[in-house]
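So the sequence lines, in the order shown, correspond to chains A and C.
331 is the number that our numbering gives to position 331 of the first sequence; each next residue is one higher, with no gaps.
1072 is the number that our numbering gives to position 72 of the second sequence; each next residue is one higher, with no gaps.
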Amino acid sequence: MTDTLPLSGIRVIDLSIVWAGPYATILLGDLGAEVIRIESLQHPDINTRGNPTPPAGLLGTPRAFMYPDANPYPRPWERGASFAYSGRNKKSVTIDLERQSGKEIFLRLVEKSDVIIENGAAGTMEKLGLTYDVIKESNPGIIMCSMPGYGTNGPYKYFKGYGANVEGVGGHTYLRGYTDMDFSGTSPVFHADPAAGATATFSILAAVNHRRNTGKGQYINLSQAENVIVAIPQAFMDYSMNGTVRERLGNRQQGVIQGCYQCSGEDNWVVLTLSTDDQWKDFCLLIGMPELIAYPRYSSGIARWNNHDEIDGIISEWTKDLDHYDVFHKLQELGIPAGPVIKPQEVFDDPHVVARGFYEAHEHPMIGGPYMYPGPVFDLSETPMRIRKMHPVLGADNEYVYKEVMGYSDAEYDGFVEDQHIGDVYIGMELPEE
Amino acid sequence: MGALSGIKVLDLTQYIAGPYCTKVLSDYGAEVIKIEKPPSGDPARGLAPFKGNQPGLESSGLFLYLNTGKKSITLNLKSVEGRKIFFRLVKDADIVVESYAPGTMETLGINYDSVKALNPNVLMTSISNFGSTGPYKKYKLTDIVMYAMGLTMYGTGMADREPQKLALTLIQHQAGMIAAATTMGAYLGREMHGVSQHLDIALMETQLGSIDRTATQAISYSYAGDFPHTRVTAENAVSIMPMGIYPCADGYVTFVAANPLWWPRFVKMIDMPELSEDPRFQDDDFGFVYNLDYKDEMDALVLGWTTQLTKQEVMEHAQAAGMAGTSINSMEDVYNDPQFSHRGFFVDIEHPVAGLVRYPGTPAQLSESPAEFRRAPLLGEHNHEIYCDVLGYKVEELPLLREQLVI
């Protein structure tokens, strides 16, 4: 065991927002890099920290439960659940990048850093005058990763795209949802965000390795939409090799029995996959219908696939009065892949999740607690992963970053406070009396 | 020179998640030796789609994609001789990646301790369904199971119908990339600080920790306790309007409104300046964009506009107005989309059996050390190179090893 985390000594400037970029810096921070979020007192980061002035109508609705005690105040930007996850193991410094003095501070930090990551719409950095060409003048060894929706070149360069957008452009949305209705029943999902964050992390670390070998920094131009395509190669290759345009299959998978079936209780469901003849036999015995094993309509994989609707009816009839966790265990004990559709209100009590200690209890000065937070998504044998520190309050690390990292004097620091580069409350926000 | 040139990887993985991890290591320059079980190798060689819809060990598009640039040797780890050969290869490796069910490696006498005993510097990455500990560690997985147990599915579907999985095998690719990223983190830790270690990735946890609604909802539950928590569905999955999927003249489009201050952009997009004065939309400092009571009216406004336009036109007009409106593309649309070809995303690779085929390339373009794509190996293609040139077997010894089912 050692206290030296794998990426200790690597400093990352984090200009990322919303989910995709922050997921990359979660992974980098969990691995031990020093991640410094650049924030601005002038421009609240609504997409990452939440709306600093939530509309009154939101309170009292279930959506307010993303705040502890369903209460965003006094500082909503410190109390939202999303940033409580994405801010862990990170530092916060405030700089107003729109002013020349802010750009100078920023470039001074660049000199002291190894990596910059940003995922704003392409053009955000151009407007600030802080493109890679400018940044590398301050530090030729810097590795800069830009990860907008569609990359920083091409006809869609300036297009906006959140996870649900790039999944549509990249071909994923077309492949999911109910097969018996149009796309209006297909709810938005944001798988593309964590997926792009993981790819950004890998690419950055590959570039760090290259710099160790050659001394050279570089620019990484990542397209989140392309990162969707690389994860659905079956559909891409089928079109590329055979001209076949794949269509939705809903919860099914070609050639096997698979679906999501209702269980007892409110909105409880179980999923399962029956692939082989042996699994079908075991399943028929389990539900007490051995006569179905050799029934001609179900006796082979092809026969079962052709009669999937009927078999769905048999499965539903069996599951409808059973507990979804009981069905799950019974099937898994027979070697049949199955699982409950776990709800947020169940996950903290799931015995496997509990045994592995995936969620961690932490307190935070602006939130209270202890409350439960997802831990790192990987375990390392010598440097066990944990949430070392909850999310930083706005500007929490100003003193450290300005003075220790960038070497500004106390007097200069005070000047930056006066200039409203440094602070811990957004300009124009009034806090209620404590 | 590739970003990962000089890194040697022994690849014991099969199917999707593990091979995707070692694929990206390979595409960026690592030497990946894929160990395949004789006689038929990685079971992914048997997964559709196949070139010309003709199943064959060398014609699976999925396999060809997931194994670009790797070297393939056949090696039976269940044989004593096979394990001896494996341990000789370990001595020269930097990283071992495996994706067996927990316990299988121990049964074979191969685990991190035995590998480390021969090569103290080696790193090992294990990728499994539920992790190497805990009551579900031996449980089986298909993608739908992971969507269900990773909290993803409880945020999908319609309120009165079954939840919906995501398409194909996204989760396995995501887990594979997380494995590649954290493996590189551990590798750099070894290079910078001299710490070698074992990395354990559980697919279930890569989902529970996904930065989408899943993480936020679990934390929200922790904050609020036992409130009536209903499923996020197509009907209510709206934080700021307009959001969701809408029909247009030739297909469907998606909108995500991420900022309550975007209302003027929306008005500009649908070209109805009179809405700026409409009292229905003036209440509560733009609070109406959060208020689902207005959803039907908002949807009518969106539909009145989108249904007059093609998906490509909707995207262009929406983006010009600063709204995140985009098309829903079929794979044919993707293949022909000007953005992807402009960036040179697709790569054409020649293969002796599958011929010249177009593949997805890399979404991440590195300016100094770009990915390079080389074809996937034939089964056992590199036996001669690895067994004879590297390990020093004589050519005439290979038939016997083959006969004894070692290779």
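Note that beta-carbon positions come from the ideal geometry of N, C-alpha and C, so glycine has one too.
The beta carbon of residue 150/A sits closer than 6 Å to the beta carbons of 156, 159, 223, 225 from its chain, once the five residues preceding and following it are set aside; these are given in chain order. Cβ neighbours of residue 1288/C within its own chain (closer than 6 Å, five residues either side excluded): 1281, 1294. Boundaries of the alpha helix (DSSP H) harbouring residue 242/A: 233 to 242, taken from the DSSP string. Within the same chain, Cβ atoms closer than 6 Å to the Cβ of residue 114/A are found at 10, 11, the five residues on either side in sequence being excluded. Taking CB atoms only, residue 277/A has no neighbour in chain C less than 7 Å away.
Three or more beta-carbon pairs separated by less than 8 Å link the segment 256 to 263 of chain A to the segment 323 to 341 of chain A, which places the two stretches in contact. Non-local beta-carbon contacts of residue 245/A in its own chain, meaning distances under 7 Å to residues more than five positions away in sequence, involve 239 in chain order. One finds 1144, 1148, 1153, 1162, 1163, 1164, 1165 in chain C with Cβ atoms closer than 8 Å to the Cβ of residue 260/A, taken in chain order. Scanning its chain for C-beta atoms nearer than 8 Å, with the 5 sequence neighbours on each side dropped, one finds around residue 141/A the residues 114, 211, 215, 216, 217, in chain order. Each residue's CA atom was taken as its position, placing residue 1146/C and residue 1171/C some 8 Å apart.
The secondary-structure analysis by DSSP pairs residue 92/A across a beta bridge with 37/A.
For residue 19/A, the neighbours in chain C by C-beta distance under 7 Å run, in chain order, 1211, 1212. Separation of residue 1118/C and residue 1084/C (C-alpha to C-alpha, rounded to the nearest whole angstrom) is 11 Å.
Under the three-pair Cβ rule at 8 Å, the segment 186 to 200 of chain A does not count as touching the segment 1337 to 1348 of chain C.
Between residue 387/A and residue 375/A the beta-carbon gap is near 6 Å, inside 8 Å, which marks them as a contact. Contact of residue 1360/C with chain A by beta-carbon distance below 8 Å involves 226, 229, 230, 233, 236.
Under the Cβ criterion of 7 Å, residue 99/A is not counted among the residues facing chain C. Against chain C, a Cβ distance below 9 Å from residue 66/A picks out 1216, 1217, 1219, 1220, 1223, 1224. For residue 392/A, no chain C residue has a Cβ inside 9 Å of its Cβ, as the nearest lies near 17 Å away. For residue 1117/C, none of the residues of chain A pass the 7 Å Cβ criterion, the least Cβ distance being about 15 Å. As a beta-bridge residue in DSSP terms, residue 374/A pairs with 359/A.
The C-beta distance from residue 1099/C to residue 1406/C rounds to 22 Å, too long to meet the 8 Å contact threshold. Using beta-carbon distances, residue 36/A does not count as an interface residue toward chain C, since no partner is under 7 Å. Residue pairing from DSSP places residue 115/A in a beta bridge opposite 12/A, 143/A. The closest CA to that of residue 279/A, considering only 267/A, 257/A, 391/A, 131/A, is found on 257/A. Of all residues in the segment 1014 to 1037 of chain C, only 1024, 1028 come within less than 8 Å of chain A when Cβ atoms are compared, listed by chain position.
Contact between the segment 52 to 71 of chain A and the segment 107 to 124 of chain A is not established, with fewer than three Cβ pairs separated by less than 8 Å. Across the set 1369/C, 1397/C, 1043/C, 1038/C, the C-alpha of 1369/C shows the shortest separation from the C-alpha of residue 1005/C. With a threshold of 16 other beta carbon atoms within 10 Å, residue 1059/C meets it and is buried. Per DSSP, reduced to three states, the secondary structure at residue 224/A is helical. Sequence-ordered contacts of the segment 1175 to 1207 of chain C with chain A read 1177, 1178, 1180, 1181, 1182, 1184, 1185, 1186, 1188, 1189, 1191, 1192, 1193, 1195, 1197, 1198, 1199, 1200, 1201, 1205, 1206 [C-beta pairs closer than 7 Å]. For residue 1376/C, same chain residues with a beta-carbon under 6 Å away, outside a window of 5 residues either side, are 1064, 1067, 1068 in chain order. What residue 1332/C touches in chain A, judged by beta-carbon distance under 7 Å, is 239, 245, going in chain order. In the structure shown, the three-state DSSP call for residue 1266/C is helix. Annotation: residue 1070/C has no Cβ neighbours in chain A at a cutoff of 9 Å; minimum Cβ distance is about 15 Å. Secondary structure at residue 184/A: helix, using DSSP grouped into helix, strand and coil.
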